[in-house]
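Undergrad: Take a look at the following structure, please.
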Amino acid sequence: MRLSRFPLATTKETPSDAEIISHQLMLRAGFIRKLGAGLYTWLPIGLRVLKKVENIVREEMDRAGALEVLMPTIQPGELWKESGRWDVMGYEMLRFKDRHKNDFCYAPTAEEVITFHVRQDIRSYRQLPINYYQIQTKFRDERRPRFGLMRGREFLMKDAYSFHMDAEDLSREYYNMREAYIRVFTRVGAAFRAVKADSGNIGGALSEEFHILANSGEDLLAVAEGGTYAANVEAAECKPTGKRAAASAALEKVSTPGQKTCDQVSKFLNVPLTGKVKLLVVHAAEGQPHALIGIALRGDHQLNEVKASKHPKVKSPFKMATPEEVQAAFGCETGYLGPIKCPIPVIADHAAFEVADFVCGANENDHHLKGANWGRDAEEPETADLRAIVEGDASPDGVGVIKFYRGIEGGHVFQLGKKYSKAMNLTVLDEKGQAVTPEMGCYGIGVSRLVAAVLEQSNDAGGMIWPDAIAPFRVIVCPIGMDKSEAVKAAAEKLYADLNAAGIETALDDRGARPGSMFADADLIGIPHRVVIGDKSLATAQFEYKSRKAEKAEMIPASLEAVLEKLRG
RNA sequence: CGGGGCGUAGCUCAGCUUGGUAGAGUGCUUGCUUCGGGAGCAAGAAGUCGCAGGUUCGAAUCCUGUCGCCCCGACCA
């Protein structure tokens, strides 16, 4: 591509409404332009990168045996009513009516549509398993779109849906997709991690997210150093150790005027935070004997609200009791609550259950208890995994120590089970002629998000640094004084033609710009390989080569072969 | 949805408190000089000051409404 014919809309200034580096760079380098909140146009150079990522995804899906389809972005509301999600989905789903006043929505996902088609066409077990995928625009009306392409409203997504006769075959395909995802993320040059995700489904349904590691990531990941365990902190388990020291101290009520927080009490009584048990009061689930329920946590731990919401005795979604409700139930302020002589039922987190001789609130203003013990001073409580995992915890699988990383969710593989096939009455006949409801899996990759995510972990002060596999061009040829020197012009044109002939996507900066601006643009748009041709280097029959990642340029022989050698580098 | 902020030249912003001829930088056009890390000088084109009302002799500026966008939070998956 001749840059004189290819508008490079680069700017020096950083747009004020871009918060994260990938968003800033994509605007500055002219990859995207904003049309509205969460809506972006891909300009020619940016689109080249998007298409490359898209093709890698397509190749790997094809290789894994999935079949590409293309479903409409506009979906009939009827199907969503059939699955029951029309009323469940919130404002995230953009709804509208056509001229006949029929309900429609802009696709946020496509389980309903694909299930509808499979129901039309798939009748026999002989036709299964099957895995359909598409790479198509989605729209989710996020309440707060942000971070450019990272959380846009309209985005490009690869979504795949597989159908199976039984859970075993679903599991096989799940791992098949997982392998395909590993290949995709590896090929686009991302440093990533597959982590266990929130798997709410009963029946051992598996769910894993593929995260690109980046400090700007919205998700926190718990990864075992020296082990293989990795999970989204929302889903990271905390296992009981099964050990608790015997009670050795006598129960004693002490005056702790004004000491309301765990930190304050810990310092005031000179006991470590790990020796304190705190009690959170939350709303109980419908049908529980008491409207409130207490959750006991060790002093240094935080509640994991996802886990709490899933506990059968806790109201979902999770809701904390108000100070007034606590006062009514306990007759004291929230700073002095404890599980001993507690007026409401208590569930203890495993870690809180394993503390002996602990300090806790006395359920009386300005007083705490010392030397408290489960079993002796209160009934042995029901226990559950309720706390958030913390760095330094032992890995739940027993191998390694937990460390936190930030990640950007780029993909998700999920065993759906029969949720949609059942709701939408999809059945196929098995070899005995019996109708069977197929098992489903779904597998997504945020294609446009992946572009931003890779960039998020691959940039420097000069701008973008694209991996070869998804760079808009692999090589940029920068002739110095092309207008003045026939030799430079001829050499640059020849190299440009030769590289293209060799199948290398090459940009020729024939704009006649000054060297400074040429180099700055080449760096900003992140072309991985740069060849500079000037009279000085040609005098010694040399080109100047610089890798985008390298500090300095180096001289190479002025030949196509020498350049190709560097690309193989 | 709650709180805060911003809409002025293609882009980034000043001007608004205290009403009186529309500004800068950058980008763009032309010319001359320059030419290895975003050049210099000169000339030039470019804005119904988000939109609609109102107050006023006069509104970018004050008031009301409205739309759009951004940030924090909550919410959702």
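Residue numbers (this note's numbering): 10 to 578. All C-beta atoms, glycine included, are put in the ideal place defined by N, C-alpha and C.
#1: Using the Cβ count rule (16 or more neighbours within 10 Å means buried), how would you classify Asn382?
#2: State the Cα-Cα distance for the pair Gly420 and Gln129, rounded to the nearest angstrom.
#3: Tell me Ser133's beta-bridge partners as DSSP assigns them.
#4: Just verifying my parser: in three-state terms, what is the DSSP assignment at Glu574?
#5: If you scan the stretch 328 to 372 from start to end, which runs of the alpha helix (DSSP H) of 4 or more residues do you find wholly inside it?
#6: Less than 7 Å between the C-beta atoms of Phe164 and Leu103, yes or no?
#7: Would you kindly report the start and end of the unbroken alpha helix (DSSP H) that includes Asn539?
#8: Count the C-beta pairs between the stretch 312 to 332 and the stretch 363 to 375 that are closer than 8 Å, then say yes if the count reaches three, no if not.
#9: Can you find the residues in the same chain that come closer than 7 Å, C-beta to C-beta, to Val460, ignoring five residues on each side of it along the sequence?
#10: Tell me which residues share the same chain as Thr19 and place their Cβ nearer than 6 Å to its Cβ, disregarding the 5 neighbours each side in the sequence.
#11: Going straight from the alpha carbon of Ser4 to that of Thr436, what length do you get?
#12: What is the rounded straight-line gap between the Cα of Ser494 and the Cα of Ala550?
#13: Mind pulling the beta strand (DSSP E) runs of 3 or more residues that sit fully within the stretch 462 to 550?
#14: Short of 6 Å in beta carbon distance, which residues of its chain neighbour Gly209, apart from the five on each side in sequence? Order them along the chain.
#15: Which residues in the same chain have their Cβ closer than 8 Å to the Cβ of Arg202, if we skip the five residues on either side of it in sequence?
#16: Could you tell me the distance, in whole angstroms, from the CA atom of Asn509 to the CA atom of Thr515?
#17: With 16 other CB atoms within 10 Å as the buried threshold, where does Asp519 fall?
#18: Take the Cβ of His173 as the centre, count every other Cβ of all protein chains shown within 10 Å, and call the residue buried at 16 or more, exposed below.
#19: Specify, as a first and last residue, the run of the alpha helix (DSSP H) that Ala189 falls within.
#20: For Glu553, which of helix, strand or coil comes out of DSSP?
#21: Would you report the Cα separation of Ile211 and Asp507, rounded to the nearest angstrom?
#22: On the DSSP bridge assignment, give the partners of Tyr141 in chain order.
#23: Please report the straight-line C-alpha distance between Glu563 and Val572, rounded to a whole angstrom.
#24: Sort out for me which residues DSSP pairs Tyr414 with in a bridge.
#25: Name the residue from Met449, Pro352, His109, Ala244 whose alpha carbon lies nearest to the alpha carbon of Ala387.
#26: With DSSP as the reference, label Ala305 as helix, strand or coil.
#27: Report the rounded CA-to-CA distance for Arg155 versus Thr23, giving the unit in angstroms.
#28: Kindly indicate which residue of Val242, Ala500, Lys428 has the alpha-carbon position closest to the one of Trp315.
#29: Using a Cβ-Cβ cutoff of less than 7 Å, which residues in the same chain neighbour Trp95 once the five nearest sequence positions on both sides are dropped?
#30: Any contact of the stretch 539 to 556 with the stretch 473 to 488, i.e. 3+ C-beta pairs under 8 Å?
#31: Look at Ala2 and Lys324 and say whether their C-beta atoms are less than 7 Å apart.
#32: Should Ser25 be labelled buried (16 or more other beta-carbon atoms within 10 Å of its own) or exposed?
#33: To which residues of the same chain is Ile41 closer than 8 Å at the C-beta, ignoring the five residues directly before and after it?
#34: Our contact map puts Glu620 next to Arg458 with C-beta atoms below 8 Å; I'd like the distance itself, whole angstroms only.
#35: Leaving aside the five residues before and after His292 along the sequence, list all residues of the same chain whose C-beta is less than 6 Å from its C-beta, in chain order.
#36: Between which two residues does the alpha helix (DSSP H) holding Gly86 run?
TA: Checking against the coordinates, here is how it stands:
#1: Residue mapping note: residue 382 aligns to position 373 of the first sequence, counting from 1. Under this definition Asn382 is a buried residue.
#2: Sequence index remark: in the first sequence, residue 420 carries index 411 (1-based). Sequence index remark: in the first sequence, residue 129 carries index 120 (1-based). Distance between the alpha carbons of Gly420 and Gln129 is about 29 Å.
#3: Taking the first sequence and counting its residues from 1, one reaches residue 133 at position 124. Residue pairing by DSSP puts Ser133 in a beta bridge opposite Leu438.
#4: Indexing the first sequence from 1 puts residue 574 at position 565. Helix.
#5: Segments of the alpha helix (DSSP H) lying fully in the stretch 328 to 372: 332 to 339, 359 to 362.
#6: The residue you call residue 164 lines up with position 155 of the first sequence. The residue you call residue 103 lines up with position 94 of the first sequence. No, Cβ-Cβ distance for Phe164 and Leu103 is not below 7 Å.
#7: Here the question's residue 539 lines up with position 530 in the first sequence. Going by the sequence as given, residue 539 is Arg instead of Asn. In the DSSP assignment, Arg539 falls outside any alpha helix (DSSP H) and within the unbroken beta strand (DSSP E) covering 538 to 542.
#8: The way I'd put it, the stretch 312 to 332 doesn't touch the stretch 363 to 375; fewer than three beta-carbon pairs between them come closer than 8 Å.
#9: Residue mapping note: residue 460 aligns to position 451 of the first sequence, counting from 1. Val58, Leu59, Val62, Leu158, listed in sequence order.
#10: On the first sequence, position 10 is the one that residue 19 refers to. Cβ within range, chain order: Ala38, Gly39, Asp530, Leu533.
#11: As displayed, the chain neither begins before 10 nor continues past 578, which places residue 4 out of reach and without an answer.
#12: Position 485 of the first sequence, counted from the first residue, corresponds to residue 494. Position 541 of the first sequence, counted from the first residue, corresponds to residue 550. Within the model, the alpha-carbon separation for Ser494 versus Ala550 is close to 15 Å.
#13: 484 to 488, 515 to 517, 538 to 542, all fully within the stretch 462 to 550.
#14: Residue 209 sits at position 200 when you count from the first residue of the first sequence. Here the model assigns Gly209 a pLDDT of 46, short of 50, so the residue's position is not dependable, and the following value carries that caveat. Cβ contact annotation for Gly209 (same chain, cutoff 6 Å, sequence separation greater than five): none.
#15: Residue numbering aside, residue 202 sits at position 193 when the first sequence is read from its first letter. If we look at Arg202 and ignore the five residues flanking it on each side, its Cβ neighbours are Phe219, His220, Leu222, Leu230, Val232, Ala239, Tyr414, Gly416.
#16: As a working mapping, residue 509 is identified with position 500 in the first sequence. As a working mapping, residue 515 is identified with position 506 in the first sequence. When rounded, the distance between both Cα atoms is 6 Å.
#17: Walking along the first sequence from the start, residue 519 turns up at place 510. Asp519 should be labelled buried.
#18: For the purposes of this step, residue 173 is identified with residue 164 of the first sequence, where counting begins at 1. A residue is called buried once 16 or more other Cβ atoms fall within 10 Å of its Cβ, and His173 is buried on that count.
#19: As a first step, residue 189 must be located in the first sequence, where it is residue number 180. Start and end: 176 to 196.
#20: One-based indexing of the first sequence puts residue 553 at position 544. It is a strand residue.
#21: As a position in the first sequence, residue 211 is number 202, starting the count at 1. As a position in the first sequence, residue 507 is number 498, starting the count at 1. Caution applies to Ile211, whose pLDDT of 38 falls short of 50 and renders its modelled position unreliable; the model cannot decide the point.
#22: Locating residue 141 in the first sequence gives position 132, where the first residue counts as 1. Residue pairing by DSSP puts Tyr141 in a beta bridge opposite Leu76, Tyr170.
#23: The residue given as residue 563 occupies position 554 in the first sequence. The residue given as residue 572 occupies position 563 in the first sequence. Taking the straight line joining both Cα atoms gives about 12 Å.
#24: Here residue 414 is taken as the residue at index 405 of the first sequence, counted from 1. For Tyr414, which the question treats as bridged, DSSP gives the partners Leu230.
#25: What you label residue 387 is simply residue 378 of the first sequence in a count that begins at 1. With distances taken between Cα atoms, Ala387 lies closest to Pro352.
#26: Here residue 305 corresponds to residue number 296 of the first sequence, with the count starting at 1. In the three-state reduction of the DSSP assignment, Ala305 falls in the strand class, which pools E and B.
#27: Counting from one through the first sequence, the residue named residue 155 turns up at place 146. Counting from one through the first sequence, the residue named residue 23 turns up at place 14. The straight-line gap from Cα to Cα measures roughly 16 Å.
#28: Numbered from 1 along the first sequence, position 306 holds the residue referred to as residue 315. The question names Trp, but residue 315 in the sequence shown is Val. Just measuring C-alpha positions, the residue of Val242, Ala500, Lys428 sitting nearest Val315 is Val242.
#29: Residue numbering aside, residue 95 sits at position 86 when the first sequence is read from its first letter. Cβ neighbours of Trp95 within its own chain (closer than 7 Å, five residues either side excluded): Gly86, Trp89.
#30: Cβ pair count under 8 Å is three or more, so yes.
#31: No answer is possible for residue 2: the residues shown for the chain start at 10 and end at 578.
#32: The residue labelled residue 25 in the question sits at position 16 within the first sequence. Ser25 should be labelled exposed.
#33: To locate residue 41, count along the first sequence from 1; it is residue 32. Spatial neighbours of Ile41 in its own chain (CB-CB distance under 8 Å, excluding positions within 5 residues in sequence) are listed in chain order as Met35, Tyr49, Thr50, Trp51, Leu52, Gly55, Gly157, Leu158.
#34: Past the boundaries of the shown model lies residue 620; the chain is included only from 10 to 578, so the question cannot be answered.
#35: Indexing the first sequence from 1 puts residue 292 at position 283. Same-chain partners within the cutoff: Lys324, Lys328.
#36: For the purposes of this step, residue 86 is identified with residue 77 of the first sequence, where counting begins at 1. For Gly86, the enclosing alpha helix (DSSP H) covers residues 86 to 92.
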